[in-house]
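**Student:**
Number of protein chains: 4
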Amino acid sequence: MSTDSYILTFSCPNKPGIVAAVAKTLFEASANIQESHQYDDVETNAFFARIRFNFVGTDNAEGFSKAFAIVADGLQMKWAVRPRAARPKLLILVSRFDHCLADLLYKWRTGELSADIAGIVSNHPIETFAHHDLSTIPFDYLPVTSQTKSQQEAAIWKVVEDRKVDLVVLARYMQILSGNLAAKLAGRCINIHHSFLPGFKGAKPYHQAHGRGVKLIGATAHYVTPDLDEGPIIEQDVERVSHHDEPDDLVRKGRDIERRVLSRAVSWHIDGRIILNGSKTVVFKD
Amino acid sequence: MSTDSYILTFSCPNKPGIVAAVAKTLFEASANIQESHQYDDVETNAFFARIRFNFVGTDNAEGFSKAFAIVADGLQMKWAVRPRAARPKLLILVSRFDHCLADLLYKWRTGELSADIAGIVSNHPIETFAHHDLSTIPFDYLPVTSQTKSQQEAAIWKVVEDRKVDLVVLARYMQILSGNLAAKLAGRCINIHHSFLPGFKGAKPYHQAHGRGVKLIGATAHYVTPDLDEGPIIEQDVERVSHHDEPDDLVRKGRDIERRVLSRAVSWHIDGRIILNGSKTVVFKD
Amino acid sequence: MSTDSYILTFSCPNKPGIVAAVAKTLFEASANIQESHQYDDVETNAFFARIRFNFVGTDNAEGFSKAFAIVADGLQMKWAVRPRAARPKLLILVSRFDHCLADLLYKWRTGELSADIAGIVSNHPIETFAHHDLSTIPFDYLPVTSQTKSQQEAAIWKVVEDRKVDLVVLARYMQILSGNLAAKLAGRCINIHHSFLPGFKGAKPYHQAHGRGVKLIGATAHYVTPDLDEGPIIEQDVERVSHHDEPDDLVRKGRDIERRVLSRAVSWHIDGRIILNGSKTVVFKD
Amino acid sequence: MSTDSYILTFSCPNKPGIVAAVAKTLFEASANIQESHQYDDVETNAFFARIRFNFVGTDNAEGFSKAFAIVADGLQMKWAVRPRAARPKLLILVSRFDHCLADLLYKWRTGELSADIAGIVSNHPIETFAHHDLSTIPFDYLPVTSQTKSQQEAAIWKVVEDRKVDLVVLARYMQILSGNLAAKLAGRCINIHHSFLPGFKGAKPYHQAHGRGVKLIGATAHYVTPDLDEGPIIEQDVERVSHHDEPDDLVRKGRDIERRVLSRAVSWHIDGRIILNGSKTVVFKD
Chain A
1 MSTDSYILTF SCPNKPGIVA AVAKTLFEAS ANIQESHQYD DVETNAFFAR
51 IRFNFVGTDN AEGFSKAFAI VADGLQMKWA VRPRAARPKL LILVSRFDHC
101 LADLLYKWRT GELSADIAGI VSNHPIETFA HHDLSTIPFD YLPVTSQTKS
151 QQEAAIWKVV EDRKVDLVVL ARYMQILSGN LAAKLAGRCI NIHHSFLPGF
201 KGAKPYHQAH GRGVKLIGAT AHYVTPDLDE GPIIEQDVER VSHHDEPDDL
251 VRKGRDIERR VLSRAVSWHI DGRIILNGSK TVVFKD
Chain C
1 MSTDSYILTF SCPNKPGIVA AVAKTLFEAS ANIQESHQYD DVETNAFFAR
51 IRFNFVGTDN AEGFSKAFAI VADGLQMKWA VRPRAARPKL LILVSRFDHC
101 LADLLYKWRT GELSADIAGI VSNHPIETFA HHDLSTIPFD YLPVTSQTKS
151 QQEAAIWKVV EDRKVDLVVL ARYMQILSGN LAAKLAGRCI NIHHSFLPGF
201 KGAKPYHQAH GRGVKLIGAT AHYVTPDLDE GPIIEQDVER VSHHDEPDDL
251 VRKGRDIERR VLSRAVSWHI DGRIILNGSK TVVFKD
Chain U
1 MSTDSYILTF SCPNKPGIVA AVAKTLFEAS ANIQESHQYD DVETNAFFAR
51 IRFNFVGTDN AEGFSKAFAI VADGLQMKWA VRPRAARPKL LILVSRFDHC
101 LADLLYKWRT GELSADIAGI VSNHPIETFA HHDLSTIPFD YLPVTSQTKS
151 QQEAAIWKVV EDRKVDLVVL ARYMQILSGN LAAKLAGRCI NIHHSFLPGF
201 KGAKPYHQAH GRGVKLIGAT AHYVTPDLDE GPIIEQDVER VSHHDEPDDL
251 VRKGRDIERR VLSRAVSWHI DGRIILNGSK TVVFKD
Chain P
1 MSTDSYILTF SCPNKPGIVA AVAKTLFEAS ANIQESHQYD DVETNAFFAR
51 IRFNFVGTDN AEGFSKAFAI VADGLQMKWA VRPRAARPKL LILVSRFDHC
101 LADLLYKWRT GELSADIAGI VSNHPIETFA HHDLSTIPFD YLPVTSQTKS
151 QQEAAIWKVV EDRKVDLVVL ARYMQILSGN LAAKLAGRCI NIHHSFLPGF
201 KGAKPYHQAH GRGVKLIGAT AHYVTPDLDE GPIIEQDVER VSHHDEPDDL
251 VRKGRDIERR VLSRAVSWHI DGRIILNGSK TVVFKD
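Line by line, the protein sequences are chains A, C, U and P.
Start counting the first sequence at 1; every next residue gets the next number (full-length UniProt numbering).
Start counting the second sequence at 1; every next residue gets the next number (full-length UniProt numbering).
Start counting the third sequence at 1; every next residue gets the next number (full-length UniProt numbering).
Start counting the fourth sequence at 1; every next residue gets the next number (full-length UniProt numbering).
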């Protein structure tokens, strides 16, 4: 008999014995390691790991956590452990382009995205999304102008706090978060940038790509930081284009890339597969 | 009975009747169209085409060219026609990294690259390339310093002129051509840039890519222009990288991308598949 | 002033002068070629072309068609011409897996798929698709057993005839069409096979792929023929998998491949970019 | 101060405590884990791991091995430990197609392939490879007919034994090894199959691919087993083709895929990244 899985993630300064200490603590708590990834950044001497485990016999999460806290303390760890079945709460921010939203909703409905959707916030009214079944999802229409930006962001933040949102997804939100809100959402806000960063930043990247005559276009999912377009990259992908492709074709092809890059990033985050490493990410996906 | 193939390429302002006029001229010269590509750039109203044809019965290249010159004149064409079997003369410029050179030589030997190698120029002595069979290829060791750059480039240019070089390939040459030489080689000098332009320009792009934490790295083959890293892009490709990859891994993976991107670009150029379109290229490859 | 575009497609035995005759007919009808693709199959000596054109001045489609019919007759062509803006009528057949349906509906709503949806037929009741907005789309619930197959197919065929359906899309329909129905829908019925054909045929290909330990999985869009899994291939794509991937992971990754492969195939068909060449296809996409 | 790296690989029946026991043994031997991968096959209940470590202070490989042998015994492990810098001995078997050979030699010379080449065996004479620098590599010309096959294989086996060959690479060898030799080389003989298995088996797969009209072609590196084309797959890759591609074009594109797929497989094997899992492989590459 064994219990449901847990996900343990941690990072700490590297030194010999970390794995031995962690594995011993798990073993003594009757835990069985099911999947384990680790990475040792030789440049910064930092150590990162993600361990999926379950308990043999009865659940002993509390016992393990208590014992692990002591080990973690000695190793100066940042760490977290949570039941794998726990469903993080997502808040999706979206503007009028809804292809990423459609994809996230579809994957949420099929169970591919094991999260709860705590709400959708848009600067466009709910009619914009008439073809989507939003019947069970709280929707907040929060229009924004340069004058009302700080109030609007305060309203977003209130939603985040009230609903205990774990992850904010900018699913082509098209608005730049203030440095203030970006900082408050550090490490739990994912944006999809419609370009292969560091390629074309700023507005209309597909038109820039067309102007430059590139032969591949791409998209980038990254954590949001106050420094626009410079947040830690989670995932990128590309597709081939040719001289035949007009800017509209690039936009169309781009939609397919964006939705698959964003949904990969979101599901990796949900499954505890991403750990921040300064301005970069460690992604334990294979 | 039919003759060997010819390649006709042209560009001109777009207007109705171009294809009819060209096809009629070919037909009346007893030519049979084997492959045809065209592209109509609606932004600039320019028309581009590449036609491969042979003659039914006896060769009539001269007759066709004479007739076509009149048609071309009326349509304000830039055009060229040449036997497909004609082997362009390549000059390969290389520094100490020889992976692109190795690939080009291999493909030249197997006949995959239907060109003649008019020579290799390097700023490193021939011993650097001891493992390559250069027995039948003229090799010029032309070292260069900031003081001797103009003389060295004059020597390169003399090689180009003396040997009637059709295409100069910068196969990781690592030297920046002067604006003067770049201009003289306009449209017939291909460089391989070890980055997915417009991503990381300048020196050590793989180290830049590592620092930024990108998840894909790439390479770009482009025509050389006086404006470094801004020449018309011919081909690009990418490969996936992860947090595990050190800068050296990126360099290693990059070598594979570079050689395949460069050799595609060179063989398309040789086969008359690339037509310049301002700062972009039209590549007729499928 | 110029008119909307038309798409002309044709195939015929190859001989010199085809392009000249076609281009002349277009020019004399005041048509302007906007895009042109051709292919000469040297094995079968067959010639294939797709030409997009519009008229300079007033529309002259009727005049052109009359003139072209004579040319086409002389060259033993199979041909068709239609306004590009004409929206083909699609019938989507679907079983309980709705990811391809979701994608097609989304792309139809955004206008990316320029077709009309004449109906959806499923062997599952409409409740299965409760989250989709089917308010404006005729839905036929046509359950099927081995006993009722011929009646059910007769009902499908009636829908095809009554609604003048141009293209039947098997969007993970999971039922094998009878040879009879397959024959009647020849060249206008596209299936998505959840494997990289000719890899794993028959049932549960992702489980077969897992059992074999492949490192890439794929999907194949093809025209339906009486010979199951052997119809002319239109498009294929793959994604990387690893030892970590369970059969369920392959199924999940497969969904993404399937929907993008199917939607490419459908949109190329709609845009007249596919011509059958015996048991193969010519796809003019770049 | 720390020593050079070691690679520990093992597989065993899964049970709680494996990682703890291994990590403890490493820690007590003053070893520092630098990189670690593990995989738990839930279908077969088998556990696989690869650990790269070095020693803090002085090298203690002997002490570790002695201690680990006891642990391994208790856990019914198959295991191996070796210095990462140890260079396996490769024997390359090649027929007249030398593109994979050229690539392996190039990567061996640049140090990208950290192995020693113990020899090249070919059924074609050394003149076939005149353009390669084989000056420091033993070359055995071992022609083969159906009559002489067993003697020729005996000669190959003698080379393997005499030179203590660790890995035999069939770099487009084009001969089928007998079941007997295949069995003796189990787990240490890699073949490159010029098709995306299980697609087109047997002879001339690119011609089969052309006949079927596929839109992607591929290659497969796999361990050789007596059951031809059915050995455990290590790596696969694909490239896009179109109706324009003749069989010769597929062969040409195939060469690029083959060499990169084979060289990845060989370098992963050399770096201890592949563990056999019945008829499949576990590849720890990211």
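The beta carbon of each residue, even a glycine, is placed where N, CA and C say it ideally should be.
On a predicted model such as this, the values are computed, not experimentally measured, just so you know.
Look up C/P13 in the DSSP assignment and give the residues it is bridged to.
**Tutor:** According to DSSP, C/P13 bridges with C/A46.
**Student:** Can you pull out the residues from the region 218-230 of chain C whose beta carbon lies closer than 8 Å to at least one beta carbon of chain P?
**Tutor:** Result list empty, no residue passes.
**Student:** Using the C-alpha atoms, what's the distance from P/V241 back to C/A21?
**Tutor:** C/A21 and P/V241: Cα-Cα distance of roughly 32 Å.
**Student:** Excluding the 5 residues preceding and the 5 following P/R273 in the sequence, name in chain order all residues of the same chain whose CB lies nearer than 7 Å to its CB.
**Tutor:** These residues qualify, in order along the chain: R50, V283, F284 and K285.
**Student:** Who does P/S36 pair with in a DSSP beta bridge?
**Tutor:** P/I51, per the DSSP bridge assignment.
**Student:** Quick check on DSSP: helix, strand or coil for P/D41?
**Tutor:** Note: P/D41 maps to strand in three-state DSSP.
**Student:** Name the DSSP beta bridge partners of U/T128, please?
**Tutor:** Answer by DSSP bridge pairing: none, since U/T128 is not bridged.
**Student:** Where in the region 158-194 of chain P do unbroken runs of the beta strand (DSSP E), each at least 3 residues long, occur, reported from the N-terminal end onward?
**Tutor:** Qualifying beta strand (DSSP E) stretches, in chain order: 167-170 and 189-193.
**Student:** Distance check for P/L8 and C/R255, CA to CA, integer angstroms please.
**Tutor:** Rounded to the nearest angstrom, the two C-alpha atoms are 29 Å apart.
**Student:** Taking the C-alpha atoms as reference points, what is the distance between A/L177 and A/P226?
**Tutor:** Answer to the nearest angstrom: the Cα atoms are 8 Å apart.
**Student:** Can you look up C/T25 in the DSSP assignment and give me helix, strand or coil?
**Tutor:** Three-state DSSP puts C/T25 in a helix.
**Student:** How many Å lie between U/D245 and P/H269 at the Cα?
**Tutor:** Cα-Cα distance, rounded: 21 Å.
**Student:** Could you check what DSSP says for A/D248 in three-state terms: helix, strand or coil?
**Tutor:** DSSP places A/D248 in helix when its eight states are reduced to three.
**Student:** Mind checking if U/S267 is an interface residue toward chain A, Cβ cutoff 7 Å exclusive?
**Tutor:** No, its Cβ sits nowhere closer than 7 Å to a Cβ of chain A.
**Student:** How many Å lie between U/A46 and U/T281 at the Cα?
**Tutor:** Going by the C-alpha atoms only, they are around 12 Å apart.
**Student:** Just the Cα atoms here: how many angstroms apart are U/D162 and U/L104?
**Tutor:** If I take the Cα positions, the gap works out to 22 Å.
**Student:** Could you compute how far the alpha carbon of A/L216 sits from the alpha carbon of P/W108?
**Tutor:** Roughly 32 Å between the two C-alpha positions.
**Student:** Relative to chain P, which residues along the region 189-216 of chain U have a C-beta separation below 8 Å, given in chain order?
**Tutor:** So the close ones are F196, L197, P198, G199, F200, R212, G213, V214, K215 and L216.
**Student:** Can you list the residues of chain U that P/P16 reaches, using a CB-CB cut of under 9 Å?
**Tutor:** Those do not exist, as P/P16 stays about 20 Å from chain U at its closest Cβ, beyond 9 Å.
**Student:** Whose Cβ in chain U lies nearer than 8 Å to the Cβ of A/E235?
**Tutor:** Chain U residues near A/E235: none, gap ~13 Å exceeds 8 Å.
**Student:** Write down the C-beta distance between P/F53 and P/A80 rounded to the nearest angstrom, noting that I regard them as a contact closer than 8 Å.
**Tutor:** Not really, about 14 Å apart at Cβ, beyond 8 Å.
**Student:** What are the start and end residues of the alpha helix (DSSP H) that includes A/I92?
**Tutor:** Note, A/I92: premise wrong, no alpha helix (DSSP H); beta strand (DSSP E) at K89 to V94.
**Student:** Indicate whether at least one CB of chain A lies closer than 7 Å to the CB of P/I33.
**Tutor:** Taking Cβ atoms only, chain A reaches closer than 7 Å to P/I33, which makes this a yes.
**Student:** Checking contacts by CB at 7 Å: is C/K280 closer than that to chain B?
**Tutor:** This model lacks chain B altogether; the protein chains it does include are A, C, U and P.
**Student:** Distance check for P/R264 and P/L142, CA to CA, integer angstroms please.
**Tutor:** Whole-angstrom Cα-Cα distance: 27 Å.
**Student:** Let me check understanding here. Comparing Cα to Cα, which of C/L113, C/G213 and C/D229 lies closest to C/T220?
**Tutor:** Residue C/D229 is the option with its Cα nearest to C/T220.
**Student:** Could you give the residue range of the alpha helix (DSSP H) that holds U/R212?
**Tutor:** Counting along the chain, the alpha helix (DSSP H) containing U/R212 begins and ends at P205 to R212.
**Student:** Are U/K149 and U/D116 touching if we call contact CB-CB under 7 Å?
**Tutor:** No, these two residues do not count as a Cβ contact at 7 Å.
**Student:** With U/G119 and U/F139 assumed to form a contact (beta carbons below 8 Å), what rounded beta-carbon distance in angstroms separates them?
**Tutor:** Contact holds; Cβ gap of about 7 Å.
**Student:** Going by DSSP, what residues sit across from A/V227 in a beta bridge?
**Tutor:** The amino acid at residue 227 of chain A is misidentified as Val; the sequence shows Asp. Bridge partners of A/D227: none, in fact.
**Student:** Under 7 Å between C-beta atoms, does P/V238 make it to chain U?
**Tutor:** At least one chain U Cβ lies under 7 Å of P/V238.
**Student:** Considering C/A80, what are the terminal residues of the beta strand (DSSP E) in which it resides?
**Tutor:** Per DSSP, C/A80 belongs to the beta strand (DSSP E) from K78 to P83.
**Student:** Listed in chain order, which residues of the region 242-274 of chain U have Cβ atoms closer than 9 Å to some Cβ of chain C?
**Tutor:** Correct list: empty, as no residue qualifies.
**Student:** So, for P/V165: in the same chain, excluding its five sequence neighbours on each side, which residues have a beta-carbon less than 6 Å away from its beta-carbon?
**Tutor:** Answer for P/V165: K89, L91 and A118, listed in chain order.
**Student:** So which residues of chain A does U/D286 contact, with C-beta pairs closer than 7 Å?
**Tutor:** Result: S242 and H244.
**Student:** Strictly below 8 Å CB to CB, what residues from chain U border A/D133?
**Tutor:** What A/D133 touches in chain U: A130, H131, H132 and D133.
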